[in-house]
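Colleague: Quick one: structure below, then a few questions.
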Amino acid sequence: MRRPWPVWVHTDDALAHVGRSLRRYHYVVAAFVPPQGAFWRTSRRPWQPGDIIGHNDSAPYNAVWQDGNRNPVDVLGGVRGRLVGFVDWDLATPVPSLLDLAYMAFGWVPLHDRDVVAAEGFTHFGDRPRRLQLLRDAYGYQGDIDALLDEVRTRVMQHAAGIRELTAAGDPLLSRLIRLGFIDGLNRALAKWLWLHVSIHSYLPRWASTAPVKSVVGGAWG
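Numbering (my numbering), first residue to last: 17 to 238.
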């Protein structure tokens, strides 16, 4: 996807749509147990009870959108089309569902470094707390907002470490990402994470951090 991204990527409709879609996907795969000894490209962590097979990179650049009349945005800025799904499942691994939601928040709210998201066409930085809440509600996550933000940081750290490890092993595609500055962007986001966490939390409703944590896996659907 060329930058800046299309206007519809940063609409509320698109954000809510991907959140609902991820929740449905997690529900569908919640009962799947991978075979013993299954190999995952970017993780040696074995499947654990309660895990789902997360996409782990459900960002806008991996979204396939079906639109009407080649124009997914209507005159009011809403999305006419629908999310078909996500491509590039090479980073899929068993993870807690919250970790998969966390990287979606990183890419779609978005919570990435300001320089990165500005290049993608998102400059309404003061709107990020509201958009995080929108994604949270669309997915149906009723847990602690601090826990979600902590998982965003954890997933970004894992992503950066996984890319470095595979690059060291000779992966040509991920080596190209490093040359293009992808890891540098992740590092800048991590360096500013405490400030972002505090700034977002200060704007969220007080009740956003007090609801009990629910997992999609284990009967908390709906």
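Don't be surprised by glycine CBs; every beta carbon is placed ideally from N, CA and C.
(1) Taking DSSP as the reference, what is the three-state secondary structure of V80?
(2) Would a C-beta distance cut-off of 8 Å place A108 and G70 closer than the cut-off?
(3) Leaving out five residues on either side along the sequence, give the residues of the same chain with a beta carbon under 8 Å from the beta carbon of P20.
(4) Which residues in the same chain have their Cβ closer than 7 Å to the Cβ of H26, if we skip the five residues on either side of it in sequence?
(5) For W24, count neighbouring C-beta atoms within 10 Å of its own C-beta (all shown protein chains included) and say buried if the count is 16 or more, exposed if not.
(6) According to DSSP, what are the bridge partners of F122?
(7) Since I believe G35 is in contact with L151 (beta carbons under 8 Å), could you give me their beta-carbon distance rounded to a whole number of angstroms?
(8) Would you list the residues sitting across from P188 in a DSSP beta bridge?
(9) Three or more C-beta pairs closer than 8 Å, one from the stretch 50 to 57 and one from the stretch 105 to 122: is that the case here?
(10) Among V44, L189, P62, A30, whose alpha-carbon lies nearest the alpha-carbon of A75?
(11) Buried or exposed: R192, going by 16 or more other Cβ atoms within 10 Å of its Cβ?
(12) Spell out the partners DSSP gives L99 in its beta bridges.
(13) Looking only at C-alpha atoms, which of F48, P22, W81 sits nearest to S37?
(14) Alpha carbon to alpha carbon, what distance is there between V168 and A121?
Modeller: Result, derived from the coordinates:
(1) strand
(2) yes
(3) A135, E136, G137
(4) G137, F138
(5) buried
(6) In the DSSP output, where bridge partners are listed per residue, F122 has none listed.
(7) 5 Å
(8) In the DSSP output, where bridge partners are listed per residue, P188 has none listed.
(9) yes
(10) A30
(11) exposed
(12) W81
(13) W81
(14) 7 Å
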